[in-house]
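Student:
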Amino acid sequence: MLLTTPVISTLKQHYPDAELDMLMYLETWEMLASNPLLTTVFTIDRTWKKQGKVTHIRHETILIRRLMARKYDLVINLADQWRSALVAKLTGAPVRIGFDFPKRKNRLWQNCHTHLVDVTCHNELHTVEQNLSILTPLHLTPQVSQVTMSYSLEDQSKVEQLLSDRNINGNFVVVQPTSRWLFKCWTDEKMAKVITALQAEGVCVILTSGPAESELKMIARILALCPQEHVHSLAGQLTLRQLASLIDRAALFIGVDSVPMHMAAALKTPLVALFGPSKLIFWSPWQAVGQVIWAGNYCKLPDPDAINTHTAERYLDAIPVQPVIDAARKLLP
């Protein structure tokens, strides 16, 4: 969702008086909830399906009616799901643009949209560029290519209070070693060595993670391998927008292929990103200030499409410690 923000910014640049709404899943709401260019953010809750058929239908009906009441002039469907195509059709918007996905070569998908944009070149484009290509029928030039991450004053105040409580006044480094998928993670020992090297130079380190038990356990293991001075943990304690505020305040971000990595890139916080078998051309941190260290430069990686996402294998293990330390030293003020 964060990588859709250039589409939002481009639309607002060319249609400054337009009201822009977004429809997204509830669990990703935080990514765009504070975006100042959006008028309304509508959400779909995946738990509706678990509330019984009648309740589910009622939620969906209420959502459709709210969208129809907005009387849109233009609907842009960035997804490949039938739900988004049918919603686009039901809004009644006179212009409905979607992608001409190979798996959707049928009359119903065509009828849901008034314009379909070719995706032949998408394999050669970053996700940001893929998203922006949907604006082709509108002939909007120039386009805004910068990804943006927004947070509120309340988020900023919360983070400042957390830092004050821990007597963190100067520069600090945010380290996000976790992902919900282990195959995107580095070894705990190697991450601890990087943190220890930074601590030895008097650098303050803040560890962050999501609230999942597996992520909190990883943070605990890393902390146990590090000296106790100059290191703090806010693991599982921050919302995504609060984490954005923390990263925005940081002198450096070190992390694996994850949402916080993309947030750091969007916020222009200097970063060291450890990247593994995800599709680098699609998912590398867009317009990042810093360095991407790719495991593929140190070993042969499996095809991203063939990976069992539940594997416990950590493909980033091939990345040595020293290049990460060197990159961090180079970027720190």
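According to numbering that gives the first Met the number 0, the stretch in the sequence shown is residues 0 to 332, in order.
Ideal Cβ placement from N, Cα and C applies to all residues, glycine included.
Owing to the predicted nature of the structure, the values given are computational and were not obtained by experimental measurement.
Under 7 Å from any heavy atom of the ligand ZN, does the C-beta of L19 make it?
Tutor: Among the ligands in the structure shown, none appear at all, so the ligand ZN cannot be discussed.
Student: Run through the DSSP bridge pairs and tell me what W293 is partnered with.
Tutor: Beta-bridge pairing links W293 to F274.
Student: Which word fits N34, buried or exposed, when buried means at least 16 other C-beta atoms lie within 10 angstroms of its C-beta?
Tutor: Answer is buried; the Cβ neighbour count reaches 16.
Student: Given a cut-off of 8 Å on the beta-carbon distance, is the pair F171 and V143 in contact?
Tutor: no
Student: Please work out which residues of its chain come closer than 6 Å, Cβ to Cβ, to A178, disregarding the five sequence neighbours upstream and downstream, and give them in chain order.
Tutor: Reading off the sequence shown, one finds Ser at residue 178, where the question assumed Ala. Within the same chain, S178 has close Cβ partners C184, V255 and S257.
Student: Quick one: Cα of L132 to Cα of V116, how far?
Tutor: The question names Leu, yet the displayed sequence has Ser at residue 132. Each residue's alpha carbon lies about 8 Å from the other.
Student: Where D20 and A199 are concerned, what is the direct C-alpha to C-alpha distance, given to the nearest angstrom?
Tutor: 48 Å
Student: Could you please give me the residues that DSSP links to K21 through a beta bridge?
Tutor: With the sequence shown as reference, residue 21 is identified as Met, and Lys is not the correct amino acid for it. According to DSSP, M21 bridges with V40.
Student: Which residue from W108, M67, R82 and R165 puts its Cα closest to that of A92?
Tutor: Of the candidates W108, M67, R82 and R165, the one whose C-alpha sits nearest the C-alpha of A92 is M67.
Student: To which residues of the same chain is R248 closer than 7 Å at the C-beta, ignoring the five residues directly before and after it?
Tutor: V158
Student: Would the beta-carbon of R327 fall within 8 Å of that of V288?
Tutor: The question names Arg, yet the displayed sequence has Ala at residue 327. Going by C-beta atoms, A327 is not nearer than 8 Å to V288.
Student: Please determine, among F281, Y24, H125 and P136, the residue with the shortest C-alpha to C-alpha distance to T46.
Tutor: Of the listed residues, the one whose Cα sits closest to T46 is Y24.
Student: How about P276 and Y314: do their beta carbons lie closer than 8 Å?
Tutor: yes
Student: What residues in its chain sit with their C-beta under 7 Å from that of F281, if we drop five residues either side in the sequence?
Tutor: H125 and T126
Student: CA-CA distance, H309 and P301?
Tutor: Rounded to the nearest angstrom, the two C-alpha atoms are 14 Å apart.
Student: Once DSSP output is grouped into helix, strand and coil, what is the label at Q286?
Tutor: coil
Student: Using CA coordinates, which residue listed in F100, A223, D325 and Q109 is at the minimum distance from V193?
Tutor: D325
Student: If you run the structure through DSSP and keep just helix, strand and coil, what is I75?
Tutor: strand
Student: Alpha helix (DSSP H) containing H231: first to last residue?
Tutor: Looking at the DSSP string, H231 is not in any alpha helix (DSSP H); the run it does join, the beta strand (DSSP E), is V230 to S232.
Student: Could you tell me how far apart the beta carbons of R103 and D79 are, in whole angstroms, since I believe they sit closer than 8 Å?
Tutor: 7 Å
Student: Going by DSSP, what residue range makes up the beta strand (DSSP E) through Q175?
Tutor: F171 to Q175
Student: With which residues is C203 paired in a DSSP beta bridge?
Tutor: F171
Student: Using the Cβ count rule (16 or more neighbours within 10 Å means buried), how would you classify S163?
Tutor: exposed
Student: Quickly, what does DSSP pair R95 with across the bridge? List them, please.
Tutor: V74
Student: Whole-angstrom Cβ separation of C120 and L85, contact assumed at under 8 Å?
Tutor: About 27 Å separates the two Cβ atoms, so there is no contact after all.
Student: P136: buried (16+ other C-beta within 10 angstroms of its C-beta) or exposed?
Tutor: exposed
Student: So, helix, strand or coil for V116, using DSSP?
Tutor: The answer is strand: DSSP assigns V116 an E or B state.
Student: In chain order, what residues of the same chain lie with their CB nearer than 6 Å to the CB of E18, ignoring the 5 residues before and after it?
Tutor: T38
Student: Have a look at A250, I246, S244 and T207 and flag the residue whose alpha-carbon is nearest the alpha-carbon of L233.
Tutor: T207
Student: Name the two residues that bound the continuous alpha helix (DSSP H) containing L215.
Tutor: E212 to A223
Student: Between Q286, T3 and D316, which has its C-alpha nearest W293's C-alpha?
Tutor: Checking every option, the nearest Cα to that of W293 belongs to D316.
Student: Helix, strand or coil for I253, going by three-state DSSP, please let me know.
Tutor: Correct three-state label for I253: strand.
Student: With a 10 Å radius around its C-beta and 16 neighbouring C-beta atoms as the bar for buried, classify I61 as buried or exposed.
Tutor: exposed
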